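Comments concern the structure below.
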Amino acid sequence: MHRKKKFDIIMRIRTQKIVCLFTLVLVAFLYFLKPQNAIEKSVRSVSDHVFRAEPNTRDSKCPLPWRPTYEEPRTSAHPLVALDPKKFLLPMLINGPNNQLVGFRKSMFVAIRMNRTIVLPTFHKHNANIFKSTNKVNPLHRVDLEYMKRFIRFVTLDRLRERCHGNIDAVYRLQETSSNHYAKVEAVLDMKLKRKKDGSVLEYPADLKLKGNERFIGVPTDRKGILDLYPNKARCALHPFHFANLNIREKKPSGPEPTSIDLTALKDEKLYGEIVRFTRTPPYIVTMATQFIADVMGGRPYVSVHWRYDRKDWMKRCLDPVPHAKKEFQQKCDIIVKFRPVDIASAIHSSVRNLPRDDVPHDVYIASPPSEVPLLLEVGKEMKKKYNWKLFTSDDVVKFWKTTYRSCDWLWDDVTDDVLSTTEIEICSRGIIFHRSDASTWSNNVKLKRTDDVISQRFMSHDSAIFDLVQRVVHGVQ
Ligand SMILES: Nc1nc2c(ncn2[C@@H]2O[C@H](COP(=O)(O)OP(=O)(O)O)[C@@H](O)[C@H]2O)c(=O)[nH]1
Ligand SMILES: [Mg+2]
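Quick note on my numbering: the sequence shown kicks off at 347 and runs consecutively.
This is the structure in structure tokens:
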């Protein structure tokens, strides 16, 4: 009897143990089966898209570091500019790649003055619908993020979604935006915009106070001015479509890289210069440009030119008049159409006329949208015939890529145009003299790279606008 009782007790304990174990396994099973919520899912898909790191083995023969690895900065990291880690500013970028870079830099300026962590926005292909995910471009093709980390605190869009639980608390706007447009913004960000009782989006400033035919408001550069426009309460704020609206003159960085930054003492233009310094070109693009200059151009000094005037885009102003085109540029366009290759060749040659004889280069790199290469080749023929100069264009870059980077299959997918354009910016920035195209952020971004430590002032003082140079030749002014 005593034995049976003991047996019963042991059996009861065993059964309880089995039930407990079974319950634990069931709970764990159900936990892993649980459907992920929409935010978790989208976080994964966006981060996969933006920061996809290809295995190196795939490109083992490619002499470039593919998809430079990028790790999100640790919260314990101490960049030069410390910003409030609990408040965020998310820019939305528009227009072409260089306009996007300018928009990002200007939003970064606003974030610093507001003391908010900047969110790494989505970049896009040139002239593309920003609401289509296939038009996204990996930010690693546009900015050296590892270097940017040293400067400023930033988070990725997926981190923002997590921290803000999928909600944007306010829009710090620059222009009128329709509710239809806001619906697209919500879809592409996979975040909800906070709405007022009447269903409209919570926007600051409430009243835009636009003057005349202005479509955007200007944003001041001082903290107080910015806070008058954008009350700093919202934790997660969207700053959409920023481009030319910050009232600041873009300045290149000067002096060596700073080891500390005192924001209260830093003047606006100097701060902007630091932003330019720390949002530099990705290192793999710098490598491709350097190799091209050394291997194809023979490492000799050269003049560089940016010819932005393509019929498909810039020249539409006069060939196929576009609404809102500035009259000044339309008139310029009418003149450019009549420039002959021989005029352009004479203009480029005239720019070295005052250099000491031994300093005169005999090479020129002309960058342009690829559709204009046939015109450039005509210019090259004239330069060869009249001055014995050698011309290089994007055709030579692509030829070089096809032999040197044949196995870098990522270069031959849908980012080729984008990467080619940024590589040409890098090549132009190294010319001893650079002739820009006016009204182009592409040209302006070259100018911002031409710092004293890269190019001697002795040559840089001859930099000018190609339009002015050709005009002088056409009008016989030498
Ligand atoms: N490859 C190449 N593309 C260019 C050049 N100039 C303009 N583009 C193309 O045109 C776009 C310029 O747009 P964006 O970056 O907005 O500069 P912006 O229009 O000149 O202010 C580039 O992204 C290229 O697609 C050039 O010199 N070389
Ligand atoms: Mg543009």
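Glycine included, C-beta positions come from ideal geometry on N, C-alpha and C. Please read these numbers as outputs of a predicted model, since none were measured by experiment.
The nearest non-hydrogen atom of ligand 1 is less than 7 Å from the C-beta of Arg654.
Proximity to Asp568 across Leu794, Met806 and Met460 peaks at Met460, based on C-alpha coordinates. Between the alpha carbons of Phe805 and Asp705 lies a gap of roughly 9 Å.
Put simply, the segment 805 to 814 does not touch the segment 626 to 636. Fewer than three CB pairs are less than 8 Å apart. In the DSSP assignment, Leu584 falls outside any alpha helix (DSSP H) and within the unbroken beta strand (DSSP E) covering Cys582 to Pro586.
What you get when you keep residues with a C-beta closer than 6 Å to any heavy atom of ligand 1 is Asn441, Gly442, Pro443, Asn444, Asn445, His472, His652, Arg654, Ala713, Ser714, Pro715, Pro716, Ser740, Asp763, Leu766, Ser767, Glu770, Ser786, Thr787 and Trp788. Counting only unbroken stretches of 3 or more residues, the beta strand (DSSP E) elements lying wholly within the segment 722 to 750 are 736 to 738, in sequence order. Contact check for Asn513 and Cys582: beta-carbon distance about 6 Å, within the 8 Å limit, so the pair qualifies. Asp504 is classed as buried because its beta carbon has at least 16 other beta carbons within 10 Å across all chains shown. Each of Arg488, Cys664 and Arg796 was checked against the Cα of Phe675, and the nearest Cα belongs to Cys664. In the structure shown, Tyr493 falls within a helical segment according to DSSP collapsed to helix, strand and coil. From the listed residues Gly449, Asp490, Lys731 and Phe455, the smallest Cα separation to His470 is found for Gly449.
Proximity of the segment 612 to 632 to the segment 438 to 445 falls short of the contact definition, fewer than three beta-carbon pairs being nearer than 8 Å.
For the 8 Å CB-CB criterion, Arg796 and Phe813 do not form a contact.
Take the alpha-carbon of Val823 and the one of Val534: they are about 53 Å apart. Secondary structure of Ser810 (DSSP, three-state): strand. With fewer than 16 other CB atoms across the displayed protein chains lying within 10 angstroms of its CB, Asp666 is exposed. In the DSSP assignment, Met460 falls within the unbroken alpha helix (DSSP H) covering Pro443 to Met460. Between Val743 and Phe638, the CB-CB gap stays under 8 Å. Annotated as distal: Pro551 and Arg646, with beta-carbon spacing of 8 Å or more.
A direct Cα-Cα distance of roughly 21 Å separates Leu722 from Lys748.
Ranking Ser802, Trp788 and Leu737 by CA distance to the CA of Arg488 puts Trp788 first. The beta carbon of Val688 sits closer than 6 Å to the beta carbons of Glu728 from its chain, once the five residues preceding and following it are set aside; these are given in chain order. Within the DSSP bridge table, the entry for Arg782 names Ala811 as partners.
Runs of the beta strand (DSSP E) spanning 3 or more residues and lying entirely within the segment 596 to 661 occur at 649 to 652, in chain order. The beta carbons of Phe455 and Leu506 sit about 19 Å from each other, so the pair does not count as a contact at 8 Å.
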